[in-house]
Every structure is written in C-alpha cells, then in structure tokens.
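Chemist:
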Amino acid sequence: MMPPDDRLTLYKNAIRKMKDGDFFISFPDTTIDSHLRDFENDLIELSAWIDQRFREINKLHEISTEISKGSLLSDIIDQIYHAFQEVIPYDRIGCALISDDGKEVITHWVKTNYQERIKLTRGFSAPLAGSSLELILQTQQPRILNDLEEYLADHPKSNSTRLMVAEGAQSSLTCPLVANEKTIGFIFFSSLEKNTYRDIHQKIFVYIAQQVSLLIERARLYQQVYELNHRLADAMALLREQACRDSLTGVYHRGTIMEFLGKNLHAGVRKKKPVSVIMVDVDNFKAISDIYGHIVSDAVLQQVAKTMVHHLRKYDNVGRYGGKEFLIVLDDTDATGAMIVAERIRHAISRLKLGSGDEAFSVTVSMGISTTDNVTSIKNEESLLSEADKALYHAKEEGKNQVVIA
Numbered sequence: 000m001m002p003p004d005d006r007l008t009l010y011k012n013a014i015r016k017m018k019d020g021d022f023f024i025s026f027p028d029t030t031i032d033s034h035l036r037d038f039e040n041d042l043i044e045l046s047a048w049i050d051q052r053f054r055e056i057n058k059l060h061e062i063s064t065e066i067s068k069g070s071l072l073s074d075i076i077d078q079i080y081h082a083f084q085e086v087i088p089y090d091r092i093g094c095a096l097i098s099d100d101g102k103e104v105i106t107h108w109v110k111t112n113y114q115e116r117i118k119l120t121r122g123f124s125a126p127l128a129g130s131s132l133e134l135i136l137q138t139q140q141p142r143i144l145n146d147l148e149e150y151l152a153d154h155p156k157s158n159s160t161r162l163m164v165a166e167g168a169q170s171s172l173t174c175p176l177v178a179n180e181k182t183i184g185f186i187f188f189s190s191l192e193k194n195t196y197r198d199i200h201q202k203i204f205v206y207i208a209q210q211v212s213l214l215i216e217r218a219r220l221y222q223q224v225y226e227l228n229h230r231l232a233d234a235m236a237l238l239r240e241q242a243c244r245d246s247l248t249g250v251y252h253r254g255t256i257m258e259f260l261g262k263n264l265h266a267g268v269r270k271k272k273p274v275s276v277i278m279v280d281v282d283n284f285k286a287i288s289d290i291y292g293h294i295v296s297d298a299v300l301q302q303v304a305k306t307m308v309h310h311l312r313k314y315d316n317v318g319r320y321g322g323k324e325f326l327i328v329l330d331d332t333d334a335t336g337a338m339i340v341a342e343r344i345r346h347a348i349s350r351l352k353l354g355s356g357d358e359a360f361s362v363t364v365s366m367g368i369s370t371t372d373n374v375t376s377i378k379n380e381e382s383l384l385s386e387a388d389k390a391l392y393h394a395k396e397e398g399k400n401q402v403v404i405a
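Counting from 1, position 245 in the sequence shown corresponds to residue 244 in numbering that gives the first Met the number 0; the numbering is continuous, with no gaps.
#1: Excluding the five sequence neighbours on either side, which residues of its own chain have a C-beta within less than 7 Å of the C-beta of residue 196, listed in chain order?
#2: May I ask you to report which of helix, strand or coil DSSP gives residue 389?
#3: Would residue 368 and residue 405 qualify as a contact pair, given that the criterion is a beta-carbon distance under 8 Å?
#4: Measuring only the C-alpha atoms, how far is residue 227 from residue 164?
#5: So what does residue 251 bridge to, in DSSP terms?
#6: Could you have a look at residue 363 and say whether DSSP puts it in helix, strand or coil?
#7: Between the Cα of residue 379 and those of 394, 258, 399, spot the shortest distance and give me the residue it belongs to.
#8: Buried or exposed: which applies to residue 245, given that a residue is buried once 16 or more other Cβ atoms fall within 10 Å of its Cβ?
#9: Measure the C-alpha to C-alpha separation of residue 374 and residue 333 and round it to an integer number of angstroms.
#10: Rounded to whole angstroms, how far is the Cβ of residue 91 from the Cβ of residue 111, which I believe are closer than 8 Å?
#11: Classify residue 251: buried if its beta carbon has 16 or more other beta carbons within 10 angstroms, exposed otherwise.
#12: So residue 349 and residue 401 are in contact, right, with Cβ under 8 Å, and what is the actual spacing, rounded?
#13: Quick one, which of 308, 113, 393 has its alpha-carbon nearest residue 190's?
#14: Classify residue 161 as helix, strand or coil using the three-state DSSP reduction.
#15: Counting along the chain, where does the alpha helix (DSSP H) carrying residue 285 start and finish?
#16: What three-state label does DSSP hand residue 405 in the structure shown?
#17: If you drop the 5 nearest sequence neighbours on each side, which residues of the same chain put their C-beta closer than 6 Å to that of residue 264?
#18: In chain order, what residues of the same chain have a beta carbon less than 6 Å from the beta carbon of residue 352, not counting five sequence neighbours either side?
#19: The beta strand (DSSP E) spanning residue 106 covers which residue range?
#20: What residue does the alpha helix (DSSP H) around residue 339 start on, and which one ends it?
#21: Quick one: grab the DSSP three-state call for residue 125.
#22: Cβ atoms of residue 94 and residue 184: under 8 Å apart, would you say?
#23: Quick one: which unbroken beta strand (DSSP E) runs of 3-plus residues sit fully inside the segment 150-199? Chain order, please.
#24: For residue 383, is the classification buried or exposed, using 16 other Cβ atoms within 10 angstroms of its Cβ as the cut-off for buried?
#25: Taking the Cβ atom as the reference point for each residue, do residue 156 and residue 126 lie within a distance shorter than 8 Å?
#26: Which of the three DSSP states is assigned to residue 370 in this structure?
#27: Grab the span of the beta strand (DSSP E) containing residue 324 for me, first residue to last.
#28: If I measure Cβ to Cβ from residue 267 and keep anything under 8 Å in the same chain, skipping five residues before and after, which residues do I get?
#29: Alpha carbon to alpha carbon, how far is residue 262 from residue 256?
#30: State buried or exposed for residue 53, treating a residue as buried only when at least 16 other CB atoms are found within 10 Å of its CB.
#31: By DSSP, does residue 86 sit in helix, in strand, or in coil?
#32: Can you look up residue 93 in the DSSP assignment and give me helix, strand or coil?
#33: Have a look at the DSSP bridge pairing and note the partners of residue 279.
#34: Since residue 143 is in the beta strand (DSSP E), which residue starts that stretch and which ends it?
#35: Pick helix, strand or coil for residue 353, following the three-state DSSP scheme.
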C-alpha cells in the first residue's frame, strides 16, 4: 500500500490532468471495476488519515490555548501536564531550567502518577557542561531514550538517569525549550514502559515547542516579578510595623496606640460594647535608674513590656505612652474584665527577677483603669485617658503596686 502522502500526490496529479482535459488516464492492466474499488478504498484510508491529522492539529491548538491560561510558572507546567496526556504518553513530567549564568540545569517542577516514590525532586541541579543535555542544547532537537537502564549502564555517572531509573522510569523524551532562539531549559516526558516514544511524539512537541517555550519564559519572568513584589510588600509591611513600634520595648509607640484607642472607641459606640484602658506606671523607676544605671533600667522597661504582651489577648493592644508609662487598650471589656487583666499582669510583673546575684531585684507597677461601661454615652480619648490617669495617681498615693478603677 502506497503511503498516504504519496497517494495524495498521485491523486492531485490525476485531478490536475482531468482539469487540463486529459480524460484518458492510463491505469494498470486490471479491470475498471477492480481499479475503482481500490481507488475507493484508498480514498477512504486517505480520508481517515487526513481526519486523524486534522484532529491532532486541532488538539495541539487546544493544548496551546489551554497552556496559555496560566500565569505563574507552576500554573503553566500544570497546564502542560494535563494538556499533553492525549497526544504524548507519559507517567512523569519534569521541567528543568538553565541557571542565569548558563552553568547548571535546575529542576523547577515535577509531576508524576507515582508521587510517593519521586527521587529526582525540585531543586535538583547538575552541571550543563559535558552532559548529554549540552548536545540537545546545541541541536535544539528532542531526544528519545527508550531504554533508560541500558543508557545508565553506558553512562554510569549520570545521576539524573540513576534517580529516574530508581523511580521506575524506563524511557524518556527530552524536549528543549527554545525562546527567542535561546534554550532556556528542558521538559522531560518519562514512561514506566520501555520503547514508549516514537518520532511522531517528537514532531508533536516540536509543532508547538516555540509557543510552549515562550509561555514558560514569560511565566518565569512573571514569577520573578511576582515573588519580588511579594518580598517588597513584606518588606514594606515590616517597615510600617517597625515604624509603629517603640524601638526600645517593641510595643507600639504613643501615636499608634492612640490610633487604636480612637478606632476602638468608635467601634465600641457603634456595636454598643465597652472599651477599657489601663494606664501602667513602673514604680520607683528613677531610683532603679539611679542605682543600676540606664542599661538596667532599659531592661526593666523591656521585661515589663514583654510581660504585658504575654498576658494580653491577640486583639488587645499595648503601647509606650511615656518614658516609664504604658497604655493598654482592651476591646469589648468592661471594668470587671479590665480589673482581672490588670491584676494578672501586676502579679506577673511583681514575680520578675531582674539583675543577677547580689544585685537581683524585683519591680512593681501601679495601674489606673477607665472604661466606657455606659455605652450609650460617648467618651473621647481625652476624657477616658484623664480618668485612667487620675486612677493611676490614686494607686500611687495609696502605696503603689496596686490597681485602681476610675
């Protein structure tokens, strides 16, 4: 039987002769009926062949469309993994990209039907110089290995092949990714069966290789920009957070804690829920500084701040209000609840041991509480803080190391 391409040429020539008026076409020495039946069978086979080619081309177009839906590199490779299943057989797909300096090939992505026994994982790298991939890079043509065990026996130093065989892979199709005339990496199709790949599989990939390569290169650049933006966003968030913090104690500085207080007061009025504040003052702080020095007194403030944060809820806030004063803002907390929190913190601070040896000492705090228990009346920041400050003054006057409610 004549190959489809040759038969197609023969029939085209015959049709052209008939169009030119040459109706007397010589046929082999057989009966007309027999020849017509053969001709009909050939046309049926030719039609099936053309239909198959059309379906393959249409499928490759679908693959191109599907792959282009991804943005990040992982998205693109996921699309490739699912899209090629109908046209190229494989149990595993890997994608390796060439490092920026062109010296290494680094595995960026792996997906298999046997995830539990993957040996060649993401992050695996190998020198490009002197490897078999270097030849593929030069020719920019796919390579078929239909017996990986035999290949490993001939190339025992190939660590990547050893890992693939350990996974159970028996044959592979390695396809270069060429974008803008530059090889950027490779896609590896692998099968658990020997003799899986044929020339047609090479041709299928080559048909859309440039588009796939450009999409992967675009995705890699997009991924780099995406990750850079995330790092910048994280850095900006960290800078904003640091800008809101007191450099010594790590709690919020006065401006930020006042912002929290204002927001909580407005929310408390809207939701008809109480808000409480606790004004905290370190007792005898000047004496501590005079006796032990500024380094020790700074350590006192740090330990007091750390203890307060440890004994507060995640949505409560504490800030350094002044030199040795702190302000705690308690959302949805009445005077009774604020007293419980304050006493818990006061006891915890009184148990702290600062300094060392013969110079070890304890520290205490006095606290004043003010609250918006009557949620139908509006208290602004100034009035609430004024009440808490007066309560703190009474705590100091009454002997310190205690809590007073306004």
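Yeah, the Cβ is synthetic: ideal placement off N, Cα and C, and Gly gets one too.
Modeler: In short:
#1: 143, 145, 170, 172
#2: helix
#3: yes
#4: 37 Å
#5: 244, 318
#6: coil
#7: 258
#8: buried
#9: Its pLDDT being 48, under 50, residue 374 is placed unreliably by the model, and nothing is read from it.
#10: 4 Å
#11: buried
#12: Actually they do not touch by this definition, with Cβ atoms about 11 Å apart.
#13: 113
#14: helix
#15: 284-291
#16: coil
#17: 274
#18: 359
#19: 103-111
#20: 334-349
#21: strand
#22: yes
#23: 170-178, 181-190
#24: buried
#25: no
#26: strand
#27: 324-330
#28: 273, 274, 330, 331, 371, 374
#29: 10 Å
#30: At residue 53, the pLDDT of 48 sits below 50, so the modelled position is not reliable; the number obtained from the coordinates is stated separately. Result: exposed.
#31: coil
#32: strand
#33: 325, 366
#34: 142-144
#35: strand
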